[in-house]
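First up is the structure itself, then whatever we jot down about it.
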Amino acid sequence: MRNIAVALLIALLPYPAQAQKSTAPTPAQVVQEVRDYRMDNEDRIVRELSEFLAIPNIASDTPNIQRNAAHLVEMLEARGIETHLLPISGRGPVVFGKLLSPEAKRTVIFYAHYDGQPVDPAAWTDGKPFEPVLRDAAIEAGGKRIPFPENSAQHRAVYNDNWRIYARSASDDKSPIVALLAAIDALRAKKIPLAVNLKVILEGEEEAGSPNLQRTLELHKNLLGGDLLITGDGPVHQSGRPLVFFGNRGETGIDVTVYGPVRALHSGHYGNWAPNPAMELSRLLAAMKDADGRVLIEGYYDDVAPLGDLEKKALAEMPANDADLERELGIAKPEGGGKKLVELLTQPSLNIRGLRSAYVGDQAQNVVPDRAEASLDARLVRGEDPQQKFDQIALFIRKQGYWVIDREPTMEERRTYPLIAKVINQGGYRASRTPMDLPVSKALVQVVQAATGGTAVIAPTLGGTVPTYIFEDLGLPWIGVPIVNYDNHQHSSDENLRLGHLWRGMEIYGAILAGLNW
């Protein structure tokens, strides 16, 4: 980081100390200036990202999360951004930064998270999720591991757009943070002033459900004055085109455990007699949805707030790329009864995100398992309450004949009730949506379209979940401007970032910072 800071000293002089351009450049001109800067600094940008990715960032790993926060402070302060850590007892802090522009009349807050999903190193092709690896293409396309290019005064390192960096949080969310900071570097180097004041809120618990974010921000409301929040979380549209989105789904997590005998039993001696919890759980889960994927739980769709005419129009204008996705993902028949993916994303979902009972593969044993476990996630849309959604699911399980509890069953309960389910509410939060016809909404779309040659997809909602309801509660309109490739393996093994998307993200963020006005 010290080397990076030294290299940036000239470029990072405060805006008032620079000879600024007399007229504001157009978004297209900003894009070209940012691109020129990037082509001269690709190695520095990639190595800054790689340093960041090398710090493990699982939300529950507090020492390393705090290392990430300290590293972020260095990165922000290297740009002259006033930085504060908003502490959370025993966890990673919220990293807050502020960069003021003398002529700006509006303030934009940028939100992203610096924690990542848990990792299973054995599931990663290279086995080391926190040692960034460069490949010349996606693994699925036969991409081979290659060394990071050497960079020197005599030979400038050049990175191909199709090369990919593999590491946890390469896309979700460390690269949007680096793209924003690199865009600031580019604007300063090219003497393009910020059109807005900038604040950043970088969270270390998003992948754990953001349990402390709202309370922490409410304790520091004095720092949060702003006119718009932009989140960089999420991927671009599955068509590969840039994306601007105005809503996201909420989520609640549910763990379900079904019980059999108090210990696993020999399947030859006890099979056909001892109840098999894996079979019982399979029947329970299968009863929750029909063949088209529609949830059969009573009341599941009752509270959905309908879309407005502008949102329906945006849905109708989104790319029709379902057939391409089916081919890419090897899906013969999707769920949804013929509805398009973009339409289904505006409805609540119910997903089995994991199943476990005894062992499979080389570890398989001839037993009747003692228990079977499922982890579910329900994605919520506008109008739905996470607790009510959990209650609907728990009531459904009761109606299937289960004795529902929130702890391990006693021996007496095992002897009394033939069907027992431990159902645990893992918590969650509601969906959020910003009106698409606000002046700031129209202004941001205009800037992004101008920066991308009119290719951006405008979506009323994203399928994923971001804690934007917190900012909505604080009175801040918010809009999503993600930049990473849609095939990034987000939340899975072999998470990756296509470098061309990082470069384009820099250009989009640069155009917003230099040209957003309403």
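Position one of the sequence shown corresponds to residue 1094 (the numbering used here), numbered consecutively onward.
We put the beta carbon where it would ideally sit given N, CA and C, even for glycine.
Counting only the same chain and skipping the five closest in sequence on each side, list residues whose C-beta sits under 6 Å from that of residue i.
i	result
Glu1175	Lys1191
Trp1596	Arg1131
Ala1398	Arg1475 and Gly1476
Trp1496	Tyr1510 and Ile1513
Val1559	Thr1324, Asp1326 and Asn1341
Gly1593	Asp1254
Asp1396	Gly1476 and Glu1477
Lys1237	Asp1229
So, for residue i: in the same chain, excluding its five sequence neighbours on each side, which residues have a beta-carbon less than 7 Å away from its beta-carbon?
i	result
Thr1218	Ile1232 and Asp1587
Thr1561	Thr1324, Asn1341, Ser1525 and Trp1571
Ile1285	Lys1114, Pro1118, Val1123, Glu1126 and Ala1607
Asp1402	none
Asp1484	none
Gln1542	Ala1549
Met1529	Phe1339, Leu1403, Glu1404, Ala1407 and Pro1553
Met1599	Val1127, Arg1131, Ala1272, Ala1275, Ala1276 and Ala1279
Asp1499	Lys1515, Val1516 and Ile1517
Leu1336	Val1329, His1330, Ala1549, Val1550, Ala1552 and Pro1575
Leu1609	Val1201, Ala1288, Val1289, Ala1536, Leu1537 and Val1540
Ile1097	With a pLDDT of only 49 at Ile1097, under the threshold of 50, the placement of this residue in the model should not be trusted, and no figure is reported.
Quick check on this structure: which residue in the options has the alpha carbon closest to the alpha carbon of residue i?
i	options	result
Val1329	Ile1601, Gly1593 and Val1574	Val1574
Gly1476	Gly1346, Leu1569 and Tyr1394	Tyr1394
Tyr1043	Arg1507, Lys1283, Pro1120 and Glu1144	Nothing in the structure corresponds to residue 1043, since the chain is present only between 1094 and 1611.
Ile1151	Ala1552, Phe1223 and Ala1544	Phe1223
Lys1314	Glu1600, Asn1610, Ile1563 and Leu1609	Ile1563
Gly1364	Val1212, Ala1260, Phe1145 and Asp1463	Asp1463
Pro1180	Asp1566, Gly1361 and Gly1297	Gly1297
Asp1566	Pro1502, Gln1307, Ser1262 and Glu1505	Gln1307
Leu1358	Val1461, Ser1303, Pro1120 and Pro1335	Val1461
Val1577	Pro1211, Glu1196 and Ile1258	Ile1258
Glu1144	Arg1261, Phe1203 and Ser1182	Arg1261
Ala1234	Ala1197, Arg1591, Ser1182 and Gly1603	Arg1591
Where DSSP assigns a beta bridge to residue i, which residues make up the other side?
i	result
Pro1370	In the DSSP output, where bridge partners are listed per residue, Pro1370 has none listed.
Asp1470	Gly1346 and Asn1444
His1206	Glu1296
Ile1513	Trp1496
Arg1464	Tyr1352
Phe1338	Ala1552 and Gly1573
Ser1617	The displayed coordinates of the chain run from 1094 to 1611. Any statement about residue 1617 would go beyond what the structure contains.
Gly1520	Gly1346
His1359	Val1460
Asn1290	Thr1200
Asn1589	Tyr1259
Lys1382	Val1388
Arg1449	Glu1466
Val1226	Tyr1259
Pro1214	Paired residue(s): none; Pro1214 is not in a bridge.
When every heavy atom of the ligand ATP is checked, does at least one fall within less than 8 Å of the C-beta of residue i?
i	result
Gly1476	The ligand content of the structure shown is nil, which means the ligand ATP is not present either.
Identify, in the order they occur along the chain, each residue of the same chain with its Cβ nearer than 8 Å to the Cβ of residue i, setting aside the five sequence neighbours on each side.
i	result
Ser1194	Tyr1108, Pro1286, Leu1287, Ala1288, Val1289, Asn1290 and Leu1291
Ile1445	Leu1378, Ala1467, Ser1468 and Leu1469
Lys1221	Pro1214
Asp1133	Arg1249
Asn1157	Ile1148, Pro1149, Asn1150 and Ile1151
For chain D, find out if any of its Cβ atoms is closer than 9 Å to the Cβ of residue i; answer yes or no.
i	result
Arg1131	In summary, chain D is missing from the structure at hand, where a single protein chain is found.
**Message:** Ignoring anything shorter than 4 residues, give me the alpha helix (DSSP H) runs that lie fully in the stretch 1117-1204, in order along the chain.
**Reply:** 1120-1146 and 1155-1170
**Asked** Should the stretch 1509-1523 be called in touch with the stretch 1416-1428, which here means at least 3 C-beta pairs below 8 Å?
**Response** No, they do not touch.
**Message:** Ignoring anything shorter than 4 residues, give me the alpha helix (DSSP H) runs that lie fully in the stretch 1527-1567, in order along the chain.
**Reply:** Within the stretch 1527-1567, the complete alpha helix (DSSP H) runs of at least 4 residues fall at 1532-1544 and 1562-1566.
**Prompt:** Is the number of C-beta pairs between the stretch 1376-1393 and the stretch 1315-1322 that are closer than 8 Å three or more?
**Reply:** no
**Message:** Measuring CB atoms only, is the stretch 1430-1441 touching the stretch 1454-1461, in the sense that at least three cross pairs come out at less than 8 Å?
**Reply:** no
**Request:** Spell out a yes or no on whether the stretch 1164-1178 and the stretch 1255-1269 are touching, meaning 3 or more CB-CB pairs, one atom from each, closer than 8 Å.
**Result:** no
**Runs of alpha helix (DSSP H) wholly within the stretch 1413-1445 (minimum 4 residues, chain order)** = 1415-1422 and 1434-1437
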